[in-house]
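Residue numbers (the working numbering): 1234 to 1315.
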């Protein structure tokens, strides 16, 4: 059972809802610059979604400048958080 719910009636797709939560955590300082974002497995557990949905959320975070990925190390919060 997921820890948090996705609103499937929302016009915002699930990956954007997940990204919005992560962005909020970054903006509130709960996720700090150059520290890892939650792992794929953690996000799958947290929201009860498919791995592809989590990967789309992470891609969105990177594309919007909130995160960066280092090969073989993981995905981290960007220095400026945006």
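No residue lacks a Cβ here, since even glycine has one placed at the ideal position from N, Cα and C.
Please work out which residues of its chain come closer than 6 Å, Cβ to Cβ, to residue i, disregarding the five sequence neighbours upstream and downstream, and give them in chain order.
i: residue 1312; result: 1266
i: residue 1250; result: 1239
i: residue 1289; result: 1248
i: residue 1308; result: 1270, 1291, 1300 and 1302
I'd like to know whether the C-beta atoms of residue i and residue j end up nearer to each other than 7 Å.
i: residue 1294; j: residue 1252; result: yes
i: residue 1287; j: residue 1247; result: no
Let me make sure I understand the geometry here. Which of the options has the alpha-carbon closest to that of residue i?
i: residue 1275; options: 1302, 1291 and 1299; result: 1291
i: residue 1258; options: 1289, 1286 and 1300; result: 1300
i: residue 1304; options: 1286, 1269 and 1298; result: 1269
Quick check on DSSP: helix, strand or coil for residue i?
i: residue 1257; result: helix
i: residue 1241; result: coil
i: residue 1247; result: helix
i: residue 1282; result: coil
i: residue 1252; result: helix
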